[in-house]
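Participant: Chains as they are written, first to last, in this note's numbering: chain A, 1 to 299; chain B, 1 to 299; chain C, 1 to 299.
This is the structure I want to talk about, given as C-alpha cells.
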Amino acid sequence: MGDRREPTMRIGALAARLGVSVDTLRAWERRYAVIAPARTAAGFRLYSLADEDTIRAMLGHMEGGLAPAQAAGLARGAAPAPLANEGRLDLLRAELLAAFLSFDAVEAHRIVDEAVATFALPTVINDVWLWCLREIGDRWASGTATVAEEHFASAVIRERMLGMGRDWDAGHGPRALLACPVGERHDVGLIGLGLALGRLGWRITFLGPDTPTESIRAAAANLQPSVVVISALTPAPLLRDAAALQELAGAFPVVLAGPGAAHVVAEELGARVVAGDPVAAARDVAAHLPGSEVVARPA
Amino acid sequence: MGDRREPTMRIGALAARLGVSVDTLRAWERRYAVIAPARTAAGFRLYSLADEDTIRAMLGHMEGGLAPAQAAGLARGAAPAPLANEGRLDLLRAELLAAFLSFDAVEAHRIVDEAVATFALPTVINDVWLWCLREIGDRWASGTATVAEEHFASAVIRERMLGMGRDWDAGHGPRALLACPVGERHDVGLIGLGLALGRLGWRITFLGPDTPTESIRAAAANLQPSVVVISALTPAPLLRDAAALQELAGAFPVVLAGPGAAHVVAEELGARVVAGDPVAAARDVAAHLPGSEVVARPA
Amino acid sequence: MGDRREPTMRIGALAARLGVSVDTLRAWERRYAVIAPARTAAGFRLYSLADEDTIRAMLGHMEGGLAPAQAAGLARGAAPAPLANEGRLDLLRAELLAAFLSFDAVEAHRIVDEAVATFALPTVINDVWLWCLREIGDRWASGTATVAEEHFASAVIRERMLGMGRDWDAGHGPRALLACPVGERHDVGLIGLGLALGRLGWRITFLGPDTPTESIRAAAANLQPSVVVISALTPAPLLRDAAALQELAGAFPVVLAGPGAAHVVAEELGARVVAGDPVAAARDVAAHLPGSEVVARPA
DNA sequence: ATAGGTTTTGTCAAGCTTTTGTACAT
DNA sequence: ATGTACAAAAGCTTGACAAAACCTAT
C-alpha cells in the first residue's frame, strides 16, 4: 500500500516539508526538469514521496556547495528509490544480478554487504550468490550474457567467500581438506561448502582449483584430515586420474561433491557422495564425520 | 462485542467528537465521497465508528499538510488489505516461536530469513517479530516459559533488526535521533520504529537503550535532527529526568513512543505522542515532519 | 555510479572546499595547466572530485615547502601511493574513530567492512573495535567526548559483532552459554569472546546483558552447555547474587570473564577465571574444555 | 587586482482558475 | 437536510528583475 510513488502532496505541502518556497520549486521544475509531478484534472501539481526524495538529494548536494543546476543533474540521475519492499530477497538478488551484468563491482560489494547483514550465511550462499551465478549461466545459455559477465560475477563472489573464510582453519574441530581436481577450475561451490562446514566447527584447508591428485595426497599426508572433499562440475576430471584418487580414498575418507559427483564414479573410486547444494552437502559431511564417536547429547 | 460498523452517531455527535463542523462533514461527503453514512427513516445521517476512523485518518493526513481532497483520497483507499499468504504467516511464526522456546538459533535464523524473503518489512516487524515476543511474554506470565526464552528471543530478533538497519542513516531524508531514556532497556520496539521510518526515506541515528538525557542532547546538538524519538515501556523513566527532557523538547521536536508515552507525560514535557505499534508510530512521525508546520487550519 | 571524474562543482564550490581563492584557481590553471576543468554550455568551469584530488596534492607539496610551479608539476603526474598492511591498521582505526565522533554510521559501517575484509577476526575485535571503544572512553575521561559518542559507537560495534555471530550456534562443537549478570549492561567484550570461541568451533548461546541468574540456570538446564561464561566489568554484579551463582557453579562449569572477574570472587563462587582480552579469554576457555577428552591431534 | 560583460537563480507581479470552509435560503 | 452561493486561500502561467557568481582581458 504505502507506495512511495503515489502522488499526494500539493505544492504548498511539499514546499513546507522541504523548507523551500513554492516559486523555487516551480522554477526548478521548469529550468532543470528535475521532477515531473503528476497533475490533478484542474492542473494542480501533485507530488509523490519519491519526488520529495529527489528534491532532498538535490538539496543535499547544494548544501555541499554545488550550484542548483549541477545538484539537479545529480539528483535526477541518481533516483533509484524503487523499494517495492515486498520480498527483500528477490529485490536484493535482482539488484546484485543487475550490478554483475553492468560490471559494477562497487555496487555489487555494497549489495553483498547488505545481503550478509540481512540474511544468515546459508541463505546468502545458496539463495543469493549461487542463485546469481546460475542466473548468469542461464543468460549465457540463452545468449543474453557473455562469458565475461560470468567471469566477473564469480570473481567478485569468490573474493567475498574467501574473505569470509579467512580464519576457517582456526580452532580444534575436525579438519577437512578441500580441492578441485586437475581440469576443474570452478571452485565457488566448493568454497561455499567450506564456509558452511567451517561454521559447523570444522577446520578447513583449501587447496583451490585445478589441483593435481599428488598435491592433494601430499597435503593429506601432512595434515591427516578427517575428510577430503573433492568437487567437480562433471565426472570427467574425476575419472581422468582415477587410479590415484582410488589410492587416496584408500588412505583417507574421500567425499565427492558437486554436479559431477556421480554415484558410479564414487563407487569406482571407493568414495562417498554428498549431494545437493553446498550448504546441504556440508551438513551431510558433518553428519557423517568418519571414524567418529558422535557425542550424542540428549536434548 | 460492539461492531465497529454499526451506525449509531448522528452528525452532531460525530462533529463534536472530531472537532469538525457539521457543514464541513456534509461537504466532505458530497465532494469526496469519503464516507457514505446510513440514514434513519426520516433521512438523518447515522455514522459508525468505522466512519469515524476514516475521517480521523483524513484529518491525520491534513495535519501532515495534505489538502482535503488528497487526504480524503488516501483515507478512502486505506483499507486494512488482508494478506494473501495468511496461512503462511501463521505457520512461519509458530515455527519461529518453537525455535525460540527450544533455544535453537540456527533454526530461528532460517525462519527469519524465510519471513524476510516472503513478507514486507512492516509485516515482519509487527506480525512476526513483535508477535513472537508478545507470545513469549504471555507464556512467561502464565508460567509456561521463563525469562531465559524471552532474553534469548529478543537477543536474536534485536540482532536481525539491527542488521537490517545497517544503512538506515544513508540518503538525504530528514534525520531522526532515536534513544531510550535511562532505566529503559527494551529497545526492540524503537528499533522497529527506526526501520519503518528508514523505509519512509528518513535517516536514522540510533543511540540505543539506557541513554542519559545529556547524551541525547549532545548528539542532537551535533546532528540537528528533524525529530528526536524517545521510547519507554512505562512512564517512569521519562519522568525521572523530566527537567532535562523538557529542555530538550524546547530545543528540538521531541516525540514519545512506546506504551509508556502517556499524554499526561508528553504534555508536561512539551513533547508529542505517537501511539500504536512501531510501524504505525513511524508513519505518524513521518506524516508530521516538524519544521514544516503547516499551521493549523481552523476547525 | 559515484564517478570521481564527473564534473559537478563550479569554481566557487571548489574554492570553498579547498580554502583557495577563485582567482588563484584560475591563475594556476592558466599558468601551470594542473587541471583542465570541463565547461558548461555558457562557459562556466565545472570541476570533478578528481580535479579536487589533484589540487589537494599540489597544496600538500606546497605545504612541504615547494614553490607552486614545482608543486603543480608533481601534482599533475601524481598517483596515490598504496599503503602497507601495517600503517593500514592505524589509518583504518583512526578513520573509524573519526566516524564515531561525528555520528556517521554509514561511514563507520564502510570502514568496518573494509577492516573485516582486510584483517583476521581477532585483530578486528581487539585492535579495531575494542581499541576504538577504549579510545572513546579515554576521551570521555578527559572531557574531549561525551557519553553520546560512546553510546553510538558501542551500538554500531555491538550490531556488527552480533551480525558476525549470527550462526555461531551451528555445528556439533562443545556448547558455551554466555550471559552478563543482573546489573551488568556492557556485553561487548562478552560478544567478542563468543565470536572468538565460535571461530574455535564452539557453539554459542548468547543470553545478553542483565540476565537474572535464574534465567541462566534455566537455559543451562535446557542446553546442558560444556561451560557457562559470565562477564562483568566490576565484581559487584557477581557478588549480588552470589548464592545462586554458587549453586549454578555446582551444577555446571562456570567461567568468569571481564575486568570484574576477580580471583577472590571466583574462589568464593567455585568458578574459574579467564583473564586478558576477549580473544585470549576465549582461547583460555577452549584450552580447558571441562570434562573433556582433549583429542590432541599432532599438527 | 580591477573593469566590464554574461549567466544563473531566487523572488515577485499580474491576471486568472480551483479549492474549500462557511453562510444562507428553501 | 439539501442546494446554492461566496469569499479567502492556494494554484497556475508568463514574464521580469536584481543580486550573486562567473567569464575574459587588461
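Every residue, glycine too, gets a C-beta built ideally from N, C-alpha and C.
1. Out of M58(C), A117(C) and L269(C), state which residue places its alpha-carbon closest to the alpha-carbon of A251(C).
2. Does DSSP put P225(C) in a helix, in a strand, or in coil?
3. In chain B, what lies closer than 7 Å to P212(C) by C-beta?
4. Determine whether the beta carbon atoms of H61(C) and A75(C) lie at a separation below 8 Å.
5. From P237(B) to G258(B), what does the alpha carbon distance come to, in whole angstroms?
6. For the alpha helix (DSSP H) that F152(C) lies in, which residues bound it at each end?
7. Three-state secondary structure (DSSP) at T8(A)?
8. Please work out which residues of its chain come closer than 7 Å, Cβ to Cβ, to A81(A), disregarding the five sequence neighbours upstream and downstream, and give them in chain order.
9. Is the beta carbon of A219(C) less than 8 Å from the beta carbon of L177(C)?
10. How many Å lie between V227(C) and A221(C) at the Cα?
11. Determine the burial state of E293(C): buried for a count of at least 16 other Cβ atoms within 10 Å of its Cβ, exposed for fewer.
12. Please look up how many angstroms separate the CB atoms of E169(B) and I204(B), rounded, as I've assumed it's under 8 Å.
13. Flag D53(A) as yes if its beta-carbon sits less than 8 Å from any beta-carbon of chain B, otherwise no.
14. Determine whether the beta carbon atoms of L223(A) and R175(A) lie at a separation below 8 Å.
15. Who are the Cβ neighbours of I55(B) in its own chain at under 8 Å, not counting the five residues just before and after it?
16. Rounded to the nearest angstrom, what separates L133(C) and R272(C) at their Cα positions?
17. By the criterion of Cβ-Cβ separation under 7 Å, what are the contact partners of L289(B) in chain A?
18. Report buried or exposed for R10(A), applying the criterion of at least 16 other Cβ atoms within 10 angstroms of its Cβ.
19. What three-state label does DSSP hand P82(B) in the structure shown?
20. Determine the chain C residues that contact R199(A) at a beta-carbon separation under 9 Å, and present them in chain order.
21. E70(B) CB to nearest chain A CB: under 8 Å?
22. Kindly indicate which three-state DSSP category V34(C) falls into: helix, strand or coil?
23. For L83(A) and chain B, any beta-carbon pair shorter than 8 Å?
24. Mark L91(C) as exposed unless 16 or more other C-beta atoms lie within 10 angstroms of its C-beta, in which case mark it buried.
25. Closest by CA to A243(B), which one among V265(B), P225(B) and A232(B)?
26. Assuming T54(B) is part of the alpha helix (DSSP H), what are its boundary residues?
27. Going by beta-carbon coordinates alone, are T211(B) and P181(B) separated by less than 8 Å?
28. For R150(A), collect the residues of the same chain with a Cβ closer than 8 Å to its Cβ; drop the 5 residues on either side in sequence, then sort them by chain order.
29. Could you tell me how far apart the beta carbons of G64(B) and H263(B) are, in whole angstroms, since I believe they sit closer than 8 Å?
30. Looking at the secondary structure, which residues open and close the alpha helix (DSSP H) in which T118(A) lies?
31. R240(C) lies in the alpha helix (DSSP H); which residues open and close that run?
32. Applying the 10 Å Cβ sphere with the 16-neighbour rule, what's the burial state of D23(C)?
33. Got a sec, what are the start and stop residues for the beta strand (DSSP E) V254(A) sits in?
34. Taking buried to mean at least 16 other C-beta atoms within 10 Å of its own C-beta, is G194(B) buried or exposed?
35. Kindly indicate if chain A contains any beta-carbon less than 8 Å away from that of L223(B).
36. In angstroms, rounded to a whole number, what distance separates the CA positions of N85(A) and V124(A)?
Facilitator: Per the coordinate set shown:
1. Closest option to A251(C), Cα to Cα, is L269(C).
2. Assigned with DSSP and collapsed to three states, P225(C) falls in coil, not helix or strand.
3. Those are V147, listed as they occur along chain B.
4. Remark: C-beta atoms of H61(C) and A75(C) approach each other more closely than 8 Å.
5. Their backbone Cα atoms lie some 12 Å apart in a straight line.
6. From DSSP, the alpha helix (DSSP H) with F152(C) extends over V147 to M164.
7. Assigned with DSSP and collapsed to three states, T8(A) falls in coil, not helix or strand.
8. Summary for A81(A): the model assigns pLDDT 49, below 50, so the residue's position carries little reliability, and this model does not support an answer.
9. The answer is yes: Cβ separation under 8 Å.
10. Separation of V227(C) and A221(C) (C-alpha to C-alpha, rounded to the nearest whole angstrom) is 12 Å.
11. Reliability fails at E293(C), whose pLDDT of 44 lies under 50, so the model's placement of it is uncertain and no value is given.
12. Sequence check: residue 169(B) is Asp here, not Glu. Sure, about 5 Å apart at Cβ, within 8 Å.
13. With 8 Å as the cut-off, D53(A) counts as an interface residue toward chain B.
14. The answer is yes: Cβ separation under 8 Å.
15. Cβ neighbours of I55(B) beyond the five flanking positions: L14, L18, V20, L25, W28, V34, I35 and A75.
16. Inter-residue distance for L133(C) and R272(C) is about 27 Å (C-alpha atoms, whole angstroms).
17. The answer, in chain order, is R17.
18. Looking at its Cβ environment, which holds 16 or more other Cβ atoms inside 10 Å, R10(A) is buried.
19. Interpretation of P82(B) is limited by its pLDDT of 47, a score under 50 that renders its predicted location unreliable; no figure is taken from the coordinates.
20. Ordered by position in chain C, the residues that pass the 9 Å Cβ test against R199(A) are D167, W168, A170, G171 and G198.
21. Checking the sequence, you will find Gln at residue 70(B) rather than Glu. It does: the Cβ of Q70(B) has a partner Cβ on chain A nearer than 8 Å.
22. Looking at V34(C) - three-state DSSP - the assignment turns out to be coil, as it is neither helix nor strand.
23. Reliability of the predicted coordinates at L83(A) is poor, the pLDDT of 48 falling under 50, and no value is obtained from them.
24. Under a 10 Å Cβ-count criterion, L91(C) is classified as exposed, with fewer than 16 other Cβ atoms of the shown protein chains found around its own Cβ.
25. For A243(B), the nearest C-alpha among the options comes from V265(B).
26. T54(B) -> alpha helix (DSSP H) spans L49 to E63.
27. Taking the C-beta atoms as reference points, P181(B) is found nearer than 8 Å to T211(B).
28. Sequence inspection shows Glu at residue 150(A); the Arg mentioned does not correspond to that position. Same-chain partners within the cutoff: L133, I136, G137 and W140.
29. Not quite, the Cβ-Cβ distance comes to about 20 Å (not below 8 Å), so this is no contact.
30. Run containing T118(A): A105 to T118, per the alpha helix (DSSP H) assignment.
31. Here the alpha helix (DSSP H) through R240(C) covers A236 to R240.
32. Its Cβ having fewer than 16 others within 10 Å, D23(C) is exposed.
33. Note, V254(A): beta strand (DSSP E), V254 to A257.
34. Buried, because 16 or more other Cβ atoms sit within 10 Å of the Cβ of G194(B).
35. No - not a single Cβ of chain A is within 8 Å of the one on L223(B).
36. Interpretation of N85(A) is limited by its pLDDT of 47, a score under 50 that renders its predicted location unreliable; the figure taken from the coordinates is listed afterwards. Their backbone Cα atoms lie some 18 Å apart in a straight line.
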